[in-house]
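Q: I am attaching a structure below and will ask some questions about it afterwards.
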Amino acid sequence: MESRLITFVVLCLSVAVTARSDSYYSNTKPANPNEEKVTRIQFYLHDILSGQNPSAVRIAHANLTGSADSPVGFGSLFVMDDPLTVGPEKDSKEIGNGRGMYVSGSKDMSKFTIVMYADLAFTEGKFNGSSISVFSRNPVAEEAGEREIAIVGGRGKFRMARGFVKIKTHQIDMKTGDAVLRYDATVYHY
Ligand SMILES: *[C@@H]1O[C@H](CO)[C@@H](O)[C@H](O)[C@H]1NC(C)=O
Ligand SMILES: *[C@@H]1O[C@H](CO)[C@@H](O)[C@H](O)[C@H]1NC(C)=O
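Here the sequence shown stands for residues -21 to -1, 1 to 169, where the numbers follow mature numbering (1 follows the signal peptide of the UniProt record, and there is no 0).
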């Protein structure tokens, strides 16, 4: 009885091995055995275009639509290295920086929209060295409600992240374009 069982097991194993050797795919396994977690992160992003030490600068614009009196005309491209702070004040504790670029992407300037490609990295606390990547339309003109941008990835503890950020304008100077924005991120990660 026992030997017959062993023979059966050996037979099964050899069939399994044979089957594997001529298949062109691996076994399908759960990609992420860990449970997905969620973290909420709140901070302020300071996007300062004016003065001698701006955190965002225009690096290109379309000759047709970009001019001195309208630096954010359709087709204007900016690079940013914006500080992220705990509170809205300029001297509030810095917890990271947002680096990347944004482009003025709406032909209809009454619906002023930027499209952002940025890496928001943290330099303090549990998430020091980690970052979230945003790649999204940001309808700045929609002042009435909160606007939302997409989180499409991340680094470090936020590897493979996804999620969204609700953005509210805390303060904006229409003349210079300087803005302080409240970011409220919901990050799904492993
Ligand atoms: C840019 O626009 C100005 C007038 O708005 C024009 O004089 C100039 O030739 C244009 N430059 C190019 C490279 O098209
Ligand atoms: C954050 O991480 C960097 C690099 O590992 C380290 O040099 C720095 O001291 C850390 N900062 C804090 C506040 O822990």
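Glycine included, every Cβ here is placed at the ideal spot set by N, Cα and C.
#1: Note the first and the last residue of the continuous beta strand (DSSP E) segment covering Glu127.
#2: Can you tell which of Met59, Gly133 and Phe22 has its C-alpha closest to the C-alpha of Val65?
#3: So, using beta-carbon positions, are Ile130 and Ile146 closer together than 8 Å?
#4: Relative to the alpha-carbon of Asn42, which residue among Gly54, Asn6 and Lys72 has its alpha-carbon at the smallest distance?
#5: Measure the alpha-carbon distance for Asn107 versus Met59 and round it to whole angstroms.
#6: By the three-class DSSP mapping on this structure, what secondary structure does Ser115 have?
#7: With three or more C-beta pairs closer than 8 Å as the rule, is the region 11 to 27 touching the region 147 to 163?
#8: Can you give the beta carbon distance from Ser83 to Val113, rounded, assuming they're within the 8 Å contact cut?
#9: Under the criterion of a Cβ to heavy atom distance below 7 Å, does Thr102 qualify as lining ligand 2?
#10: For the beta strand (DSSP E) that Ile27 lies in, which residues bound it at each end?
#11: Below 7 Å, is the gap between the Cβ of Gly135 and the nearest heavy atom of ligand 2?
#12: Closer than 7 Å to a non-hydrogen atom of ligand 2 - does that hold for the CB of Gly75?
#13: Given Ala120, which residues of its chain have a CB within under 6 Å of its CB, disregarding the five upstream and five downstream residues?
#14: Indicate the three-state DSSP secondary structure (helix, strand or coil) for residue 173 in the structure shown.
#15: Apart from the five residues just before and just after Arg78, which ones in its own chain have a Cβ nearer than 6 Å to its Cβ?
#16: Closest to Thr18 by CA distance: which of Gly156, Lys136 and Met80 is it?
A: Quick look at the numbers:
#1: Membership of Glu127 in the beta strand (DSSP E) is indicated by the continuous run Arg126 to Arg134.
#2: Considering only alpha carbons, the answer is Phe22.
#3: In this structure, Ile146 does not lie closer than 8 Å to Ile130 by Cβ.
#4: When C-alpha distances from Asn42 are compared across Gly54, Asn6 and Lys72, the shortest belongs to Gly54.
#5: Straight-line Cα distance between these residues: approximately 20 Å.
#6: Judged by DSSP in its simplified three-state form, Ser115 adopts strand.
#7: With a cut-off of 8 Å, the region 11 to 27 and the region 147 to 163 count as touching, because enough Cβ pairs lie within range.
#8: Ser83 to Val113, Cβ: 17 Å. No contact.
#9: The closest heavy atom of ligand 2 lies less than 7 Å from the beta carbon of Thr102.
#10: Taken as a continuous stretch (DSSP letters only), Ile27 belongs to no beta strand (DSSP E), as it is neither H nor E.
#11: With a cutoff of 7 Å, Gly135 does not count as near ligand 2, since its C-beta is closer than that to no heavy atom of the ligand.
#12: No, the beta carbon of Gly75 sits no closer than 7 Å to any heavy atom of ligand 2.
#13: Closer than 6 Å at Cβ, skipping near neighbours: Lys90 and Phe91.
#14: What is shown of the chain runs -21 to 169, which leaves residue 173 out entirely.
#15: Excluding positions up to five away in sequence, the list reads Asp60 and Asp98.
#16: Of the listed residues, the one whose Cα sits closest to Thr18 is Lys136.
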